[in-house]
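First up is the structure itself, then whatever we jot down about it.
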Amino acid sequence: MGIETENEPIRRVFDRNSGKWHFSIVDVVGITAETTKPSNYWKVFKNRLKKAQNQLVTECNQLKMLATDGKFYLTDTAKEEKILEIIKIISPQYTSAFKD
């Protein structure tokens, strides 16, 4: 299950308990950072946030999501509000596109 931004899919999972969507951070990073290695970019970025004691990383969760190989893997996810914060830090021009 996913949405598309600029023809690139963003995986997401709906949490019925909270009524909120959880989006794959790596998918969002791949689009906003315009990188061919979004998982590496996120790994480095996440470590920098941790070192800066930014609470953004602690508010991310790992959920199983379907990968391109057809298997489910634990994936770093965040709710819409946190995804928007990540986008604002990486590449603010994508904020309004993601909101839509």
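Sequence positions in the sequence shown follow our numbering and run 2 to 101.
Backbone N, C-alpha and C fix where the C-beta goes; we use that ideal spot for every residue, glycine too.
Buried or exposed, going by whether 16 or more other CB atoms sit within 10 Å of the CB of residue 95?
buried
Residue ranges of each alpha helix (DSSP H) within the stretch 27 to 100, 4 or longer
39 to 52, 81 to 91 and 96 to 100
Kindly indicate which three-state DSSP category residue 2 falls into: helix, strand or coil?
Because residue 2 carries a pLDDT of 43, less than 50, the predicted location of this residue cannot be relied on, and the following value inherits that uncertainty. Three-state result, residue 2: coil.
When you compare each of 19, 35, 17 and 46 to residue 77 by their alpha carbons, which one comes out closest?
46
Where the beta strand (DSSP E) through residue 25 begins and ends:
21 to 25
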